[in-house]
Amino acid sequence: MAFLLRRLLFYAVAAWVALTANFFIPRAMPGNAIQGIMAKFPGTLQPAAYKALQAMLGVGNAGSLWHQYVSYLNDVVHFNFGTDVTEYPAKVSTLVGETIPWTITLVGTATIIAFLLGTLLGILAGWRHGGWLDRVLPGLMFLQAVPYFFLALILIEVLAIRLNVFPIGSGYAQDVVPGWNWAFISSAVAHSLLPALTIVITSVAGWMLQMRNVMITTVGEDYVLAAQAKGLPDRRVIYTYAARNALLPQLQGFGLALGFVVSGAIIMEIVFSYPGIGLLLVNAVTSDDYPLMQAIFLVITFAVLLANVIVDILIVFMDPRARVSEVTA
Amino acid sequence: MTLVLPVSTEPAIPAEGAPEIGRWRRLPRNAKAGVIILGFFILTAIVGPYVTPYDPGYQNPSLSASLQAPSAAHLLGTTQSGQDVLSQLLVGVRLTLELAFIVGAVATALAVIGGVSAAALGGVWDEILSLVSNVFLVIPALPLLVVLLGELPQKGQTATILVLSVLGWPWGARVIRAQTLAIRNRDFIAAARETGEKTWRILAFEIVPNQVSLIAANFVNTVLYAIGASVALAFIGLTNLSSWSLGTMLYWAQSQDALQLGAWWWFVPPGLAVALIGTSLVLLNTGIDELSNPRLRDAHSASRIAGQRVRPTEPTPVLANMQPRRSPVAAFLHSFSRSSLLDGNGKR
Chain A
1 MAFLLRRLLF YAVAAWVALT ANFFIPRAMP GNAIQGIMAK FPGTLQPAAY
51 KALQAMLGVG NAGSLWHQYV SYLNDVVHFN FGTDVTEYPA KVSTLVGETI
101 PWTITLVGTA TIIAFLLGTL LGILAGWRHG GWLDRVLPGL MFLQAVPYFF
151 LALILIEVLA IRLNVFPIGS GYAQDVVPGW NWAFISSAVA HSLLPALTIV
201 ITSVAGWMLQ MRNVMITTVG EDYVLAAQAK GLPDRRVIYT YAARNALLPQ
251 LQGFGLALGF VVSGAIIMEI VFSYPGIGLL LVNAVTSDDY PLMQAIFLVI
301 TFAVLLANVI VDILIVFMDP RARVSEVTA
Chain B
1 MTLVLPVSTE PAIPAEGAPE IGRWRRLPRN AKAGVIILGF FILTAIVGPY
51 VTPYDPGYQN PSLSASLQAP SAAHLLGTTQ SGQDVLSQLL VGVRLTLELA
101 FIVGAVATAL AVIGGVSAAA LGGVWDEILS LVSNVFLVIP ALPLLVVLLG
151 ELPQKGQTAT ILVLSVLGWP WGARVIRAQT LAIRNRDFIA AARETGEKTW
201 RILAFEIVPN QVSLIAANFV NTVLYAIGAS VALAFIGLTN LSSWSLGTML
251 YWAQSQDALQ LGAWWWFVPP GLAVALIGTS LVLLNTGIDE LSNPRLRDAH
301 SASRIAGQRV RPTEPTPVLA NMQPRRSPVA AFLHSFSRSS LLDGNGKR
């Protein structure tokens, strides 16, 4: 339990660093960001939007720095990111809130599938070192090096445009109304298959390589040899002896790599015009909508931190050492 | 009784005359492939800008020049505004690689300084540096990069290099710190200290040179990260869009609907180049891993002992228990020899 408490404390520090960086970055920039945004909306900036800028960027006379900082933290705690500048009078939190379910469902499911599949393949490749799975490794390394959005372009070209197997773009068909009905859900699932496939194809190789390498080292341990010498069936030796121990570094790696995977996946959303947080981020970038960019940064960071907490809870369940006292991570 | 013969058919350490060739031959196959592919792209980056068939930015006003499929005149076709894709690619590879190598060098230098000083200073400083690097590892890099670059007044090569370098050191610092702690207690460090060497001299001339392979691996990793991140940032428009890099090529292809127009020759070459450079770096890193951890070596690196393949992970074979492969005739002749007594325990 001590392990989990220390980890929670660490994530609290990380969250605070992210929040504080988010507060100081716009204020540390040479002023042009704010001037730019003021020049972009001459006269049309609504009072509420101006207040949002004050909260996020410190425009105008918003009081002392400390005062601004406290009111900023207060706003964030209440999920109040102010009113959006470009899509006035929409609230930033509403805009972000609309896109989150899409991204979490797609990226979350696909990442977990890729992780499980990659780990399983890694177990097999590590056990049968030098077998056929090892022969496809260079190919897998190639897939790992392909940017998500580039693979997305290729898959759309081949599977959606040429072969017409999957629908192109967007989160659901034009003619269905969002809601909890079969037509919408089936359409949404059909539209998410290709983006999900992209995530699985590009990230599965990374998990597999990592698991394979840990597995190879684990298989060389004496306790695995002892288990084999006892005459235990291969299945049992692989999964209960070798894989279970190899899984711990793999899980820790999962937590650390999550940021990269999520970053790649949200950029991929642009290619599919998927109505997730990535597309919103790009729209914010192209229209210089700083409050929106910052809110998205915070939301993604907190999602990744939360996922890391879950990973740590899993580690505590799997690793008896983490349950005793010492910090292993 | 069993006989253990340290027989190896591996060539002995090559003579002074040809050390390079010997070293190249001993490199894992992955590393060789990585070096060859990366070398090709580095060569492209060096000579590329001088051999472009057209000006990469030249927009051909005639309508017939727009969106041409690859042909003899335009080996990789043209963009919507009639620009030559091959010329853009030749220039783009240089800009992307240049950025990645600079970021790799700067971030690796920061990682070495951070990691070594954390280990050397110890105590509170060590804890603080470790905490900072761990925090930066857990915060997703891309959204932070977007916020940083998005609010910078001047976007472009220099800004991207700066931001990527500042955020690219934590992982390396962590690894190098651990290694420094491991080396610090070795005898040769104690000896250096006894002879009165200054601390900074020990760090710079005893500890850092002993981590060269680790630093090299970290450099390769950072270059890989810089390529991925810079291409992604350019793809969403956070760079100087009038320069030609692999990322801006992809940006223009995406924003001008290359996909919908069926112009695959527009986005496939830059994307493939990114993927191939990335693959070469991954291969190179796997190669470095295999050099330092023999267990990871693939079956190809097995040595032949008495005609049988033995992987580095397997115990040194007991030759008396190994049946050298013989043709039936040879086996028949062998059965008359005295050494045949050693074959198979009692199976004769």
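Protein sequences, first through last, are from chains A and B.
Residue numbers are given in the numbering used here: position 310 of the first sequence equals residue 310, and the series is strictly consecutive.
Residue numbers are given in the numbering used here: position 234 of the second sequence equals residue 234, and the series is strictly consecutive.
The beta carbon of each residue, even a glycine, is placed where N, CA and C say it ideally should be.
Counterpart residues of residue i in DSSP-defined beta bridges
i	result
B:Asp84	B:Thr78
CB contact flag (residue i, residue j, <8 Å)
i	j	result
B:Ser165	B:Ala107	yes
B:Asn240	B:Lys155	yes
A:Leu280	A:Ile296	yes
B:Gln88	B:Trp264	no
A:Val271	A:Pro249	no
A:Leu399	B:Leu137	Missing from the structure shown is residue 399 of chain A; chain A here goes from 1 to 329 and no further.
A:Pro216	A:Val262	Position check: residue 216 of chain A holds Ile in this sequence, whereas Pro was assumed. Cβ distance not < 8 Å, so A:Ile216 and A:Val262 don't count as in contact.
A:Trp127	A:Ile238	yes
A:Leu258	A:Val92	no
A:Leu412	A:Val189	Any question about residue 412 of chain A goes unanswered here, given that chain A covers just 1 to 329.
A:Thr111	A:Val146	no
B:Pro140	B:Leu86	no
A:Leu124	A:Leu209	no
B:Trp171	B:Leu110	no
B:Val147	A:Gln252	no
A:Phe149	A:Met268	yes
B:Ile418	B:Ala192	There is simply no residue 418 of chain B to check, as chain B begins at 1 and stops at 348 in what is shown.
A:Tyr11	A:Asn308	yes
A:Ile168	A:Ala265	no
B:Leu246	B:Val274	yes
A:Ala173	A:Ser187	yes
B:Ile277	B:Phe41	yes
B:Arg33	B:Leu283	Note that residue 33 of chain B is Ala in the sequence shown, not Arg. Going by C-beta atoms, B:Ala33 is nearer than 8 Å to B:Leu283.
Where residue i falls, given that 16 or more other Cβ within 10 Å makes a residue buried
i	result
B:Ala45	buried
A:Trp182	exposed
A:Asn164	exposed
A:Gly179	exposed
A:Phe81	buried
B:Asp257	exposed
B:Ala368	Shown here, chain B extends from 1 to 348; a query on residue 368 of chain B therefore has no answer.
A:Ala18	buried
A:Val70	exposed
B:His74	buried
A:Ile315	buried
A:Thr94	exposed
B:Gly150	buried
A:Gly97	exposed
A:Arg236	exposed
B:Thr222	buried
B:Ala182	exposed
A:Val311	buried
B:Val7	Bear in mind that a pLDDT of 39 at B:Val7, under 50, signals an unreliable position, so the model cannot answer this.
A:Thr20	exposed
Limits of the unbroken alpha helix (DSSP H) element including residue i
i	result
A:Asp350	There is no way to answer for residue 350 of chain A, as the model of chain A reaches only from 1 to 329.
B:Thr158	157-167
A:Arg162	No alpha helix (DSSP H) holds A:Arg162; DSSP gives it neither H nor E.
A:Trp180	Here A:Trp180 belongs to no alpha helix (DSSP H), and DSSP marks it neither H nor E.
B:Ser133	123-138
B:Leu261	That residue, B:Leu261, is in no alpha helix (DSSP H); it is neither H nor E in DSSP.
A:Ala18	2-28
B:Gln211	Premise fails: B:Gln211 is in no alpha helix (DSSP H) and is neither H nor E.
A:Gly253	244-272
A:Tyr69	65-77
A:Ala303	290-318
A:Ala173	Unbroken run through A:Ala173: none, as it is neither H nor E.
A:Arg135	132-135
B:Trp171	170-184
Chain E contact for residue i (CB, 8 Å cutoff)
i	result
B:Gln80	Any reference to chain E falls outside this structure, whose protein chains are A and B.
Legend entry - Residues within the stretch 304-325 of chain A neighbouring chain B, beta-carbon criterion of under 8 Å: Val304, Leu305, Asn308
Inset, instruction - For the stretch 195-223 of chain A, enumerate the residues whose C-beta is nearer than 7 Å to any C-beta of chain B, in chain order. - result: Asn213, Ile216, Thr217, Gly220
Inset, instruction - Check distances from the C-beta atoms of the stretch 146-159 of chain A to those of chain B and list, in chain order, the residues that come in under 9 Å. - result: Val146, Pro147, Tyr148, Phe149, Phe150, Leu151, Leu153, Ile154, Ile156, Glu157
Legend entry - Near-chain A residues of the stretch 263-291 of chain B (beta-carbon distance less than 9 Å), N- to C-terminal order: Trp264, Phe267, Val268, Pro270, Gly271, Leu272, Val274, Ala275, Leu276, Ile277, Gly278, Thr279, Ser280, Leu281, Val282, Leu283, Thr286, Asp289
Inset, instruction - Check distances from the C-beta atoms of the stretch 216-243 of chain B to those of chain A and list, in chain order, the residues that come in under 7 Å. - result: Gly228, Val231, Ala232, Phe235, Ile236, Gly237, Leu238
Legend entry - Interface residues of the stretch 249-278 of chain A facing chain B [CB-CB below 8 Å]: Gly255, Leu256, Leu258, Gly259, Phe260, Val262, Ser263, Gly264, Ile266, Ile267, Ile270, Val271
Legend entry - Within 8 Å of chain A by C-beta, residues of the stretch 139-159 of chain B in sequence order: Ile139, Pro140, Ala141, Leu142, Pro143, Leu144, Val146, Val147, Leu148, Gly150, Glu151, Leu152, Pro153
Legend entry - Short-range partners of chain B found in the stretch 10-24 of chain A, where Cβ spacing is below 8 Å: Phe10, Tyr11, Val13, Ala14, Val17, Ala18, Ala21, Asn22
Legend entry - Chain-ordered residues of the stretch 280-293 of chain A with a beta carbon less than 7 Å from chain B: Leu281, Val282, Val285, Thr286, Tyr290, Met293
Legend entry - Members of the stretch 84-110 of chain B near chain A, C-beta cut-off 7 Å: none
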